[in-house]
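Enquirer: According to UniProt numbering, the residues represented by the sequence shown are 1 to 343, in order.
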Amino acid sequence: MLFKQQALLRQKLFVLGSLAIGSVLYLVARVGTLDRPICPIESRLTPPEPEQIPLRTLQFKRGLLHELRKGNATKEQIRLHNLVQHLPRAIIIGVRKGGTRALLEMLNLHPAVVKASQEIHFFDNDQNYARGIDWYREKMPFSFPHQITIEKSPAYFITEEVPERIFKMNSSIKLLIIVREPTTRAISDYTQVLEGKERKNKTYHKFEDLAVDANTCEVNTKYKAVRTSIYTKHLERWLKYFPVEQFHIVDGDRLITDPLPELQLVERFLNLPSRISQYNLYFNATRGFYCLRFNIVFNKCLAGSKGRIHPEVDPSVVTKLQKFFHPFNQKFSQITGRTFNWP
Ligand code: A3P
């Protein structure tokens with residue numbers, strides 16, 4: 001009996017002893033690994049955060065599109081990655097000097113957007129239009145199936161024939177219009193023409209003489225820079241073909257001072273996930289404008305032709321123009337539902 005109890009006790013002691021030694025060995029091993037760096041194989045096995053997978057793929061895809069633009073991608077790569085030249089699903093139709101280039105370049109920050117870099121002038125130029133839709137398609141960049149193509153030709157907004165022609169191509173296309181305070185836009189328009197004349201050593205009229213009729217002292221509505229700024233007149237022609245919901249109005253003044261909220265509204269309008277962030281936009285004090293950051297190595301500002309210094313304009317002419325545009329602006333806001341900080 002006594003012998004049996006002693007054997008049982010020895011067995012218990014053995015089990016307890018083994019447990020104690022096991023625990024000590026485990027603790028020694030654990031402490032030993034605490035300061036050790038994670039070995040490369042372990043880190044490779046760590047599952048990536050779900051966000052990182054599509055981003056890496058898109059970076060790779062962007063790289064390939066870049067090679068393609070430079071003419072370095074092979075036909076095999078084009079076939080393998082289903083690269084196609086799509087007709088645009090959205091067009092920035094205007095307005096000239098509203099900030100159309102800045103808008104296109106900023107939207108191109110979005111991984112699901114590809115831009116047609118040049119203004120194609122397919123719908124406003126009869127010669128180009130006569131070349132047919134395949135000519136237009138060939139002008140488009142290659143894109144992946146999940147991407148949308150955007151082109152911009154600001155002359156579309158004011159050219160009579162364009163709404164019908166775009167409607168015939170795609171009646172459900174999305175149309176973007178970027179507008180700026182109309183008097184500032186007219187002066188910006190004038191500045192661009194003036195610069196062209198100066199480059200050719202030609203003289204040009206003063207803005208005041210063009211914008212105001214010397215005989216009547218009224219605003220000269222025959223002057224193109226004035227006519228282009230009567231946004232509602234042009235929009236009304238477009239509304240004969242497209243419902244107002246197919247347009248999105250971008251506030252060009254706000255795109256200059258605070259671009260991100262404007263871009264987020266466009267992302268929503270285009271049914272794109274929100275991908276453009278504050279990281280992609282940084283203010284460049286030398287330029288006086290926001291510039292674009294694509295990634296850690298690649299960033300760019302717009303060309304010097306964007307953001308010219310405007311000539312001084314007689315304040316009484318500025319006021320006259322602002323009063324002239326006011327009722328048209330109100331109508332434009334009524335139709336589109338967008339309000340602006342314009343005088
Ligand atoms: P100004 O040159 O009058 O300043 P568009 O591309 O339609 O021709 O418009 C040009 C205008 O875009 C410029 O007019 C400028 O004010 C505006 N703009 C908006 N954002 C800009 C940016 N980030 N960089 C440079 N110009 C920008």
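Beta carbons: idealized from backbone N, C-alpha and C, even for Gly. The model shown is predicted, which means the values in this text are computed figures rather than measured ones.
Based on the DSSP secondary-structure assignment, which residues constitute the bridge partners of His248?
Expert: DSSP, once it has assigned bridges, lists Leu176 as partnering His248.
Enquirer: Per DSSP, what are the beta-bridge partners of Phe85 in this structure?
Expert: Just to set this straight, residue 85 is Gln in the shown sequence, not Phe. According to DSSP, which records beta bridges pairwise, Gln85 is partnered with Phe142.
Enquirer: Taking just the CA atoms, how far does Glu267 sit from Lys174?
Expert: Their Cα atoms are separated by approximately 12 Å.
Enquirer: Please list the segments of the alpha helix (DSSP H) lying wholly inside the segment 217-265, counting only runs of 4 or more residues, in order along the chain.
Expert: Fully enclosed alpha helix (DSSP H) runs of 4 or longer: 224-228, 231-238, 252-257.
Enquirer: Checking 9 Å against the spacing of the C-beta atoms, do residue 344 and Phe142 come in under that value?
Expert: Summary: the structure shown does not reach residue 344, with the chain confined to residues 1 through 343, and so no result is reported for it.
Enquirer: Measure the CB-CB distance between Ser229 and Phe325 and report whether it falls below 9 Å.
Expert: In contact: Ser229 and Phe325 (Cβ atoms closer than 9 Å).
Enquirer: Going by other Cβ atoms of all chains shown within 10 Å of its Cβ, with 16 needed for buried, is Arg185 buried or exposed?
Expert: Answer is buried; the Cβ neighbour count reaches 16.
Enquirer: Is Ile92 buried or exposed, if buried means 16 or more other CB atoms sit within 10 Å of its CB?
Expert: Buried, since its Cβ has 16 or more Cβ neighbours within 10 Å.
Enquirer: Have a look at Arg180 and Ala155 and give me their C-alpha separation to the nearest angstrom.
Expert: Taking the straight line from one Cα to the other gives about 16 Å.
Enquirer: I need the DSSP call for Thr149, collapsed to helix, strand or coil.
Expert: Strand at Thr149.
Enquirer: Using only CA atoms, which one of Phe157, Pro88, Asn215, Ala285 lies nearest to Tyr231?
Expert: Measuring from the Cα of Tyr231, the nearest candidate turns out to be Phe157.
Enquirer: Starting from Arg293, follow the beta strand (DSSP E) in both directions and report where the run begins and ends.
Expert: Where Arg293 is concerned, the enclosing beta strand (DSSP E) stretches over 289-293.
Enquirer: Alpha carbon to alpha carbon, how far is Ile335 from Phe247?
Expert: Distance between the alpha carbons of Ile335 and Phe247: 11 Å.
Enquirer: Say yes only if the C-beta of Leu302 is nearer than 8 Å to one or more non-hydrogen atoms of the ligand A3P, and no if none qualify.
Expert: It does: the Cβ of Leu302 is within 8 Å (strictly closer) of some heavy atom of the ligand A3P.
Enquirer: Quick one: what's got a C-beta closer than 6 Å to Tyr290's C-beta in the same chain, skipping five residues either side?
Expert: Result list for Tyr290: Pro259, Leu281, Phe283, in chain order.
Enquirer: Between Ala211, Lys300, Trp238, which has its C-alpha nearest Val313's C-alpha?
Expert: The candidate whose alpha carbon is nearest that of Val313 is Ala211.
Enquirer: Alpha carbon to alpha carbon, how far is Gln118 from Leu292? Give it in angstroms, no decimals.
Expert: Approximately 18 Å, taken between the alpha carbons.
Enquirer: If you measure from the CB of Phe157, is any heavy atom of the ligand A3P nearer than 8 Å?
Expert: No - the ligand A3P has no heavy atom lying nearer than 8 Å to the Cβ of Phe157.
Enquirer: Taking Cβ positions, are Gly288 and Ile178 nearer each other than 9 Å?
Expert: Cβ distance not < 9 Å, so Gly288 and Ile178 don't count as in contact.
Enquirer: Could you spell out where the alpha helix (DSSP H) holding Ala102 opens and where it closes?
Expert: Where Ala102 is concerned, the enclosing alpha helix (DSSP H) stretches over 100-107.
Enquirer: Determine, using beta-carbon pairs with one atom in the segment 296-313 and one in the segment 93-103, whether at least three such pairs fall under 8 Å.
Expert: Yes, since at least three Cβ pairs between the segment 296-313 and the segment 93-103 fall closer than 8 Å, the two stretches touch.
Enquirer: Between Phe167, Ala112, Phe298, which lies nearest to Ile148 when the distance is taken from Cα to Cα?
Expert: When each option's Cα is compared against that of Ile148, the closest is Ala112.
Enquirer: Report the option in His81, Thr159, Ser274 whose CA atom is closest to the CA atom of Asp126.
Expert: For the residues His81, Thr159, Ser274, the minimum Cα distance to Asp126 belongs to Thr159.
Enquirer: Around the C-beta of Asn201, are 16 or more other C-beta atoms found within 10 angstroms, so that it is buried, or is it exposed?
Expert: It is exposed - the Cβ of Asn201 has fewer than 16 other Cβ atoms within 10 Å.
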